[in-house]
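Engineer: Handing you this structure, nothing more for now.
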Amino acid sequence: AQSVTQLDSQVPVFEEAPVELRCNYSSSVSVYLFWYVQYPNQGLQLLLKYLSGSTLVKGINGFEAEFNKSQTSFHLRKPSVHISDTAEYFCAVSDPGDSGGYQKVTFGTGTKLQVIP
Amino acid sequence: NAGVTQTPKFQVLKTGQSMTLQCAQDMNHNSMYWYRQDPGMGLRLIYYSASEGTTDKGEVPNGYNVSRLNKREFSLRLESAAPSQTSVYFCASRLLAGAGGELFFGEGSRLTVL
Chain A
110 AQSVTQLDSQ
120 VPVFEEAPVE
130 LRCNYSSSVS
140 VYLFWYVQYP
150 NQGLQLLLKY
160 LSGSTLVKGI
170 NGFEAEFNKS
180 QTSFHLRKPS
190 VHISDTAEYF
200 CAVSDPGDSG
210 GYQKVTFGTG
220 TKLQVIP
Chain Z
-10 NAGVTQTPKF
0 QVLKTGQSMT
10 LQCAQDMNHN
20 SMYWYRQDPG
30 MGLRLIYYSA
40 SEGTTDKGEV
50 PNGYNVSRLN
60 KREFSLRLES
70 AAPSQTSVYF
80 CASRLLAGAG
90 GELFFGEGSR
100 LTVL
């Protein structure tokens, strides 16, 4: 069974400061990893994903994440945050699944990023 | 570019009442999903439809039924609502059931059961 842990439920950070949102996963097989963002009163949208290849993945809005297989982590980073980054961020894991079969996606509990002016 | 559209956006029910949440996507996606979001619990899968004509249970299917009406539409029905079903419900779609594809979400339906 796969699982995702986001230990930080809330992260306050000053505007223009760097931020790291932590995500750890467990799975018995190789995985695909995702970060989604949810702005207030909206649905989730994809920030970035790791399927294979380079372990450093760049996404939208200046975010990036690094896949670390030995530490089973996929932390999200941004060097300088803006007020508009205030949102909830969800890490998700998925196993490749059977060929043509359903690929289960498991979400973490979310981290609320609060950017302070 | 509508993407995934959910109706209604807000609903208040009394215990025991029934209702249907509607979802439609215009991206020609094969797979569709219903999640519920509760504080501190992330998103949990209720039901999914990997392709038109098929539906399967997710993690928390009890108290719900679904219908994949056609390729575009996937509805979620609560036959006898309970306060434990107070939640925000999200419909999502994906081009294929597998292959690491991105999930596209609707804006959510906020349901309160009194």
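The listed protein sequences correspond, in order, to chains A and Z. Take the first sequence: its position 12, counted from the start at 1, is 121 in our numbering, and no numbers get skipped. Take the second sequence: its position 74, counted from the start at 1, is 63 in our numbering, and no numbers get skipped. The beta-carbon is built from N, C-alpha and C at its ideal position, and this holds for glycine as well. Here the structure is a predicted model, which means the values were calculated and not measured.
#1: If you run the structure through DSSP and keep just helix, strand and coil, what is arginine 99 of chain Z?
#2: Does tyrosine 148 of chain A pass the burial test, meaning 16 or more other C-beta atoms within 10 Å, or should it be called exposed?
#3: The beta strand (DSSP E) that contains glutamine 14 of chain Z, what's its start and end?
#4: Alpha carbon to alpha carbon, how far is glutamine 119 of chain A from glycine 95 of chain Z? Give it in angstroms, no decimals.
#5: Check the DSSP bridge columns for histidine 184 of chain A and list the partner residues they point to.
#6: Along the chain, where does the beta strand (DSSP E) containing valine 146 of chain A start, and where does it finish?
#7: Cutting at 8 angstroms between CB atoms, please list the residues of its own chain near valine 122 of chain A, excluding the five before and the five after it.
#8: Going along the chain, which residues of the region 149 to 167 of chain A sit with their C-beta nearer than 8 angstroms to a C-beta in chain Z?
#9: The beta strand (DSSP E) with aspartate 27 of chain Z in it runs from where to where?
#10: Buried or exposed: which applies to methionine 16 of chain Z, given that a residue is buried once 16 or more other Cβ atoms fall within 10 Å of its Cβ?
#11: Proline 121 of chain A by DSSP, collapsed to three states: which one?
#12: Shorter than 8 angstroms from the beta carbon of threonine 218 of chain A to some beta carbon of chain Z?
Structural biologist: To lay it out plainly:
#1: Collapsing the DSSP output to three states places arginine 99 of chain Z in a strand.
#2: Tyrosine 148 of chain A is exposed by the Cβ-count criterion.
#3: Start and end: 8 to 14.
#4: For glycine 95 of chain Z and glutamine 119 of chain A, the distance between alpha carbons rounds to 24 angstroms.
#5: Per DSSP, A:Glu175.
#6: Following the DSSP letters along the chain, one finds valine 146 of chain A inside the beta strand (DSSP E) bounded by residues 141 to 147.
#7: Cβ neighbours of valine 122 of chain A beyond the five flanking positions: Val128, Val190, Leu222, Gln223, Val224, Ile225.
#8: The residues in question are Asn150, Gln151, Gly152, Leu153, Gln154, Leu155, Lys158, Leu160.
#9: Start and end: 20 to 27.
#10: Methionine 16 of chain Z comes out exposed.
#11: The answer is strand: DSSP assigns proline 121 of chain A an E or B state.
#12: At a cut-off of 8 angstroms, the C-beta of threonine 218 of chain A has a neighbouring C-beta in chain Z.
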